[in-house]
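*Asks:* Protein sequences appear in the order of chains A and B.
Residue numbers in the first sequence follow our numbering, run continuously in steps of one, and reach 166 at the last position.
Residue numbers in the second sequence follow our numbering, run continuously in steps of one, and reach 429 at the last position.
Have a look at this one.
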Amino acid sequence: MISHQIDKETIYSYLEEVKDPEVPVLNVIDMGIVRDVVLRDDYLEIVITPTYSGCPAMDVISMNIRIMLSTLGFKKIKITQALSPAWTTDWMSEEAKRKLKNYGIAPPNPKQQVCNDKLFAADEAVQCPQCDSWHTHRVSEFGSTPCKALYACDDCKEPFDYFKCH
Amino acid sequence: MKNESANQLINYILHLADNALILGHRNSEWCGHGPVLEQDIAITNISLDLIGQARNFYQYAAKLINESSPDLPGKAEASEDSLAFLRDNREFKNCLLVEQPNGDWAKTILRQFLFSGYQFYLYQELQHSINQQLAAIAEKSLKEVTYHLRWSSEWVIRLGDGTAESQRRMINAIDELWMYTGELFSNTEYELSLIDLGIAFDSGGLQPPWEEKIKEIFAEATLPYPEKVFTQTGGKDGTHTEHLGYILADLQFMQRAYPGSEW
Numbered sequence: 001m002i003s004h005q006i007d008k009e010t011i012y013s014y015l016e017e018v019k020d021p022e023v024p025v026l027n028v029i030d031m032g033i034v035r036d037v038v039l040r041d042d043y044l045e046i047v048i049t050p051t052y053s054g055c056p057a058m059d060v061i062s063m064n065i066r067i068m069l070s071t072l073g074f075k076k077i078k079i080t081q082a083l084s085p086a087w088t089t090d091w092m093s094e095e096a097k098r099k100l101k102n103y104g105i106a107p108p109n110p111k112q113q114v115c116n117d118k119l120f121a122a123d124e125a126v127q128c129p130q131c132d133s134w135h136t137h138r139v140s141e142f143g144s145t146p147c148k149a150l151y152a153c154d155d156c157k158e159p160f161d162y163f164k165c166h
Numbered sequence: 167m168k169n170e171s172a173n174q175l176i177n178y179i180l181h182l183a184d185n186a187l188i189l190g191h192r193n194s195e196w197c198g199h200g201p202v203l204e205q206d207i208a209i210t211n212i213s214l215d216l217i218g219q220a221r222n223f224y225q226y227a228a229k230l231i232n233e234s235s236p237d238l239p240g241k242a243e244a245s246e247d248s249l250a251f252l253r254d255n256r257e258f259k260n261c262l263l264v265e266q267p268n269g270d271w272a273k274t275i276l277r278q279f280l281f282s283g284y285q286f287y288l289y290q291e292l293q294h295s296i297n298q299q300l301a302a303i304a305e306k307s308l309k310e311v312t313y314h315l316r317w318s319s320e321w322v323i324r325l326g327d328g329t330a331e332s333q334r335r336m337i338n339a340i341d342e343l344w345m346y347t348g349e350l351f352s353n354t355e356y357e358l359s360l361i362d363l364g365i366a367f368d369s370g371g372l373q374p375p376w377e378e379k380i381k382e383i384f385a386e387a388t389l390p391y392p393e394k395v396f397t398q399t400g401g402k403d404g405t406h407t408e409h410l411g412y413i414l415a416d417l418q419f420m421q422r423a424y425p426g427s428e429w
């Protein structure tokens, strides 16, 4: 069987071709969604974790992982969902953050902003992905997808998405 | 006996799932009707989180149901979909609070705040459950609920300490919803049976920190903390207000009219 001669590294390189449908510049490795790849005797197991419980992209991502790996000759692929430890933006690679910025989405700050449950807490400075200004403000804590918040730049006036800390 | 505790666990998981699904559904009714675009997006994002949490609980409940019941020929397997779309009113175990109508923005905000506060303390406990799957779902959900609690707290303050009109509406919302909060802290038989096993936690224990949180936010919002009122209960055991039936008629229509239909 072809699949037996394939090592994990090859599988990971194929997984890098599977994009996040809502943020198509990122792949599932960049996002930190793939937690493990396990080669079993008669099947391949991919362990993934959702970014948010209700992330609607997870079903599409699972399907795309299946399609991608079937091109490597794997007949039986089991996709398991792990919830713990819970996904965090700290798992996103530096490369991913660079790609996000180039795409026009401000990457998450490294600090765990969500731990701050103080009300009306002053937002951490978020840098505008267009003009690099730090003079920005939050428009809404919730944005076009669960993982993003809406911001606007006070200098170039462009609105932008911020991939919020989680 | 072993079967009995398996059943109680399934009931408990369905209770957690139904709470999240029904409030998620209620919030989704705001889609396209929010007072401003950003808050329309906020309340529906909270819906999405809650429905995601419900899915995780339903998937786990379905797995346990299928493992515990004998394979009869022709028996349909339980799934997250069958649990959400094919159970009747009396089988739902959500609290009465979450099924209450949206009312105005003040009532929706208050319902979210009262419930997010409850979920916040519940999931903090549940993430230490000896049941690993429940602990994992709680740990994951807690991060989302922390956002919901902060967002709804800010809105309670904004409206309570806002104009005379917004304060009047908040006080009206308190009058309408307060009688449903006591149920959050009452234990059902299925919870009691799981407490000693380290799976569930005494709901009553969540009340003191919850009350403290509500008092803190109400004080900042210049809203009066309500007197003790008669508590309406029953939802956790399947006896609901009339509102749940209407929700299910809407939520389950497609699967009832076109069984098995898929996107």
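Positions of the beta carbon are idealized from the N, C-alpha and C atoms, including for glycine.
What does DSSP give as the partner residue(s) for R422 of chain B in the beta ladder?
*Replies:* Bridge partners of R422 of chain B: none, in fact.
*Asks:* What are the partner residues of R138 of chain A, as DSSP defines its beta bridges?
*Replies:* A:Y151, per the DSSP bridge assignment.
*Asks:* Are there 16 or more other CB atoms within 10 angstroms of the CB of C55 of chain A, so buried, or fewer, so exposed?
*Replies:* When all chains shown are included, C55 of chain A counts as buried.
*Asks:* Go through the stretch 2-56 of chain A residue by residue and report every complete run of the alpha helix (DSSP H) that reaches 4 residues or more, in order.
*Replies:* The qualifying runs are 8-15 and 28-31.
*Asks:* Are the C-beta atoms of K309 of chain B and some chain A residue less than 8 Å apart?
*Replies:* Yes, its Cβ sits closer than 8 Å to a Cβ of chain A.
*Asks:* So, at 6 Å on beta carbons, what are the nonlocal neighbours of Q278 of chain B in its own chain, with the 5 sequence-adjacent residues on each side left out?
*Replies:* S318.
*Asks:* Any beta carbon from chain B within less than 8 Å of L150 of chain A's own beta carbon?
*Replies:* Yes, its Cβ sits closer than 8 Å to a Cβ of chain B.
*Asks:* Any chance the stretch 298-305 of chain B sits against the stretch 318-338 of chain B, with 3 or more Cβ pairs inside 8 Å?
*Replies:* Counting Cβ pairs under 8 Å, fewer than three are found: no touch.
*Asks:* Suppose contacts are defined by Cβ-Cβ distances below 8 Å. Is N177 of chain B in contact with K259 of chain B by that definition?
*Replies:* Yes, they are a contact pair.
*Asks:* Is Q293 of chain B helix, strand or coil by DSSP?
*Replies:* In this structure, Q293 of chain B counts as coil in the three-state DSSP scheme.
*Asks:* Could you tell me whether any Cβ in chain B is nearer than 8 Å to the Cβ of Y52 of chain A?
*Replies:* Judged by the 8 Å Cβ criterion, Y52 of chain A is in contact with chain B.
*Asks:* For F120 of chain A, which three-state DSSP category applies?
*Replies:* Three-state result, F120 of chain A: coil.
*Asks:* Give the straight-line distance between the Cα atoms of S171 of chain B and S359 of chain B, rounded to the nearest whole angstrom.
*Replies:* Cα to Cα, the separation comes out at about 7 Å.
*Asks:* Along chain B, in chain order, which residues have C-beta atoms closer than 7 Å to that of P146 of chain A?
*Replies:* Near P146 of chain A (Cβ distances below 7 Å), the residues of chain B are N211, L214 and D215.
*Asks:* For C115 of chain A and G73 of chain A, I'd like the C-alpha separation in whole angstroms.
*Replies:* Confidence is the limiting factor: at C115 of chain A the pLDDT is only 49, short of 50, which leaves the residue's position unreliable and the question unanswerable from this model.
*Asks:* Would you mind working out which of B:L203, B:L175 and B:L372 sits nearest Q290 of chain B, comparing C-alpha positions?
*Replies:* It is B:L372.
*Asks:* Who pairs with T145 of chain A in a beta bridge, going by DSSP?
*Replies:* The partner list for T145 of chain A (beta bridge, DSSP) is empty, contrary to what the question assumes.
*Asks:* Just how far apart, CA to CA, sit P110 of chain A and L83 of chain A?
*Replies:* If I take the Cα positions, the gap works out to 21 Å.
*Asks:* Kindly indicate which three-state DSSP category F160 of chain A falls into: helix, strand or coil?
*Replies:* Three-state result, F160 of chain A: strand.
*Asks:* Give the list of continuous alpha helix (DSSP H) stretches no shorter than 4 residues that lie fully inside the stretch 57-122 of chain A.
*Replies:* If we require 4 residues or more, the alpha helix (DSSP H) runs fully inside the stretch 57-122 of chain A come out as 57-70 and 94-103.
*Asks:* If you measure beta-carbon to beta-carbon, which residues of the stretch 197-210 of chain B are closer than 7 Å to chain A?
*Replies:* Those would be E204, I207 and A208, in chain order.
*Asks:* Could you give the distance in angstroms between the alpha-carbon of D20 of chain A and the alpha-carbon of M58 of chain A?
*Replies:* Near 9 Å, if we compare the C-alpha coordinates of M58 of chain A and D20 of chain A.
*Asks:* Taking 8 Å as the threshold, find out whether the stretch 214-224 of chain B comes into contact with the stretch 373-391 of chain B through three or more Cβ pairs.
*Replies:* No: fewer than three Cβ pairs fall under 8 Å.
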